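With our numbering applied, the sequence shown closes on residue 748, and no number is skipped along the way. We treat Cβ as the ideally placed atom computed from N, Cα and C, and that holds for glycine. Quick caveat: nothing in here was measured; it's all calculated off a predicted structure.
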Amino acid sequence: MNNSGAAVEVTKDRNGTDQVLLRNPRGASAKVSLHGGQVLSWKTDRGEELLFTSSKAIFKPPYAVRGGIPICFPQFGQRGSLEQHGFARNRTWIIDENPPPLHPNDSDGKAYIDLLLKPSEDDLKIWPHSFEFRLRVYLTADGNLSLISRIRNINCKPFSFSIAYHTYFSISDISEVRVEGLETLDYLDNLCQRERFTEQGDALTFESEIDRVYLGSRDVIAIFDHERKRTFFIRKEGLPDVGVWNPWEKKSKAIADFGDEEYKQMLCVNGAAVEKPITLKPGEEWTGRLELSVVPSS
451 MNNSGAAVEV TKDRNGTDQV LLRNPRGASA KVSLHGGQVL SWKTDRGEEL LFTSSKAIFK
511 PPYAVRGGIP ICFPQFGQRG SLEQHGFARN RTWIIDENPP PLHPNDSDGK AYIDLLLKPS
571 EDDLKIWPHS FEFRLRVYLT ADGNLSLISR IRNINCKPFS FSIAYHTYFS ISDISEVRVE
631 GLETLDYLDN LCQRERFTEQ GDALTFESEI DRVYLGSRDV IAIFDHERKR TFFIRKEGLP
691 DVGVWNPWEK KSKAIADFGD EEYKQMLCVN GAAVEKPITL KPGEEWTGRL ELSVVPSS
């Protein structure tokens, strides 16, 4: 699980849930909870937190944690018969001690952990498909955070799913950021019954609630935070869509596990596969990859 000066430590949170602390040789870190297989923290080598978590977040199962990087699977949003965003983010994952091999570049010199989720009997009652969901979370030597998902159909019949890494970025002020890489794309607007529109702006800026899924995006998206003078880069593979969400003032006050003013300090930008669900035949495996990096803005 570790090499070349990288460190991996398994501890427990205040509710007794196992969590894994990854640290690279330069001191950057990430924290992953086995509740939901969820990344809860990603810090630079200077100790600066890059992910947002609500001050009102609930860390006790069966609730999903409001912040970090929840995994939406096998359903995104309310696009199906399951609970909002599916059940993976509410389940207890296990550490996968003997995962099938990945490419050598996905482990050498990095702090990483492999997690595994299989459906319980109760899961099979609400979503009758047998699967293995393997998740590798790793920190590169440069402090980049990567998540690789491998989902295998171990069923005797095909199934389809949608997926998203619902990443909550920590920002200075929602009115001071812009997102580039979504220009000219079609998007589904969840505030307008998923009606389809085309993005007209050169960059996405924020003045009110937003809840959209951009379709067929390029593989690199950038979030510019002018006040903090830094830029997040989101690189993705196998995830054609991008969700963008901020609840703004009115909706923030209606969300129990979210502070009234916290919408100003967060922005969700999600690598996702939503519009066209992924279908796996028996024995087939899908791989999706997300890499997050942050650089100072000039």
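Proximal residues to residue i (C-beta, below 6 angstroms), its chain only, five neighbours per side dropped
i: residue 552; result: none
i: residue 543; result: 484, 487, 565 and 567
i: residue 453; result: Unreliable positioning characterises residue 453 in this predicted model, as indicated by a pLDDT of 46, which lies under 50. A coordinate reading is not provided.
i: residue 676; result: 626
i: residue 740; result: 597, 615, 686 and 721
i: residue 712; result: 504
i: residue 629; result: 654 and 673
i: residue 602; result: 582 and 735
i: residue 662; result: 637, 639 and 694
i: residue 698; result: 658, 659 and 713
i: residue 510; result: 465
Short Cβ contact (8 angstroms threshold) for residue i with residue j
i: residue 508; j: residue 710; result: no
i: residue 720; j: residue 614; result: yes
i: residue 587; j: residue 681; result: no
i: residue 639; j: residue 665; result: no
i: residue 514; j: residue 493; result: no
i: residue 623; j: residue 714; result: yes
i: residue 456; j: residue 595; result: no
i: residue 526; j: residue 716; result: no
i: residue 499; j: residue 491; result: yes
i: residue 541; j: residue 522; result: no
Top-ranked residue by Cα proximity to residue i, from the options
i: residue 576; options: 497, 530 and 514; result: 530
i: residue 589; options: 738, 734 and 495; result: 495
i: residue 737; options: 662, 628, 716 and 611; result: 611
i: residue 609; options: 692, 521, 734 and 491; result: 734
i: residue 520; options: 702, 618 and 492; result: 618
i: residue 730; options: 692, 580 and 672; result: 580
i: residue 728; options: 502, 690 and 698; result: 690
i: residue 517; options: 523, 489 and 528; result: 489
i: residue 536; options: 512, 548, 545 and 547; result: 512
Residue i versus residue j - alpha carbon distance
i: residue 620; j: residue 679; result: 13 angstroms
i: residue 600; j: residue 705; result: 32 angstroms
i: residue 634; j: residue 592; result: 32 angstroms
i: residue 747; j: residue 578; result: 48 angstroms
i: residue 641; j: residue 683; result: 26 angstroms
i: residue 649; j: residue 632; result: 7 angstroms
i: residue 560; j: residue 646; result: 41 angstroms
i: residue 585; j: residue 462; result: 20 angstroms
i: residue 506; j: residue 703; result: 12 angstroms
i: residue 476; j: residue 570; result: 39 angstroms
i: residue 547; j: residue 723; result: 28 angstroms
i: residue 545; j: residue 574; result: 21 angstroms
i: residue 742; j: residue 604; result: 30 angstroms
i: residue 668; j: residue 474; result: 29 angstroms
i: residue 482; j: residue 726; result: 29 angstroms
i: residue 670; j: residue 572; result: 38 angstroms
i: residue 656; j: residue 688; result: 27 angstroms
Own chain, CB closer than 7 angstroms to residue i, minus 5 neighbours either side, in chain order
i: residue 451; result: In this predicted model, residue 451 has a pLDDT of only 49, less than 50, meaning its place in the structure is not dependable; the value taken from the coordinates is given anyway. Only 458, 562 and 563 meet the Cβ criterion.
i: residue 460; result: 468 and 470
i: residue 660; result: 694, 695 and 696
i: residue 701; result: 659
i: residue 606; result: 732
i: residue 528; result: 534
i: residue 644; result: 638
Chain C contact for residue i (CB, 8 angstroms cutoff)
i: residue 490; result: In the structure shown, chain C does not exist; there is a single protein chain.
Proximal residues to residue i (C-beta, below 8 angstroms), its chain only, five neighbours per side dropped
i: residue 718; result: 616, 617, 618, 619, 693, 694, 695 and 696
i: residue 749; result: Not covered by the structure: residue 749. The range shown for the chain is 451 to 748.
i: residue 549; result: 564, 566, 584 and 586
Inside the region 650–733 only - beta strand (DSSP E) runs reaching at least 3 residues: 660–664, 670–675, 680–687, 691–696 and 716–730
Length-filtered (3 minimum) beta strand (DSSP E) runs lying within the region 592–636: 595–603, 609–615, 618–620 and 627–630
Minimum length 3: unbroken beta strand (DSSP E) runs contained in the region 454–524: Segments of the beta strand (DSSP E) lying fully in the region 454–524: 457–462, 468–473, 479–483 and 488–493.
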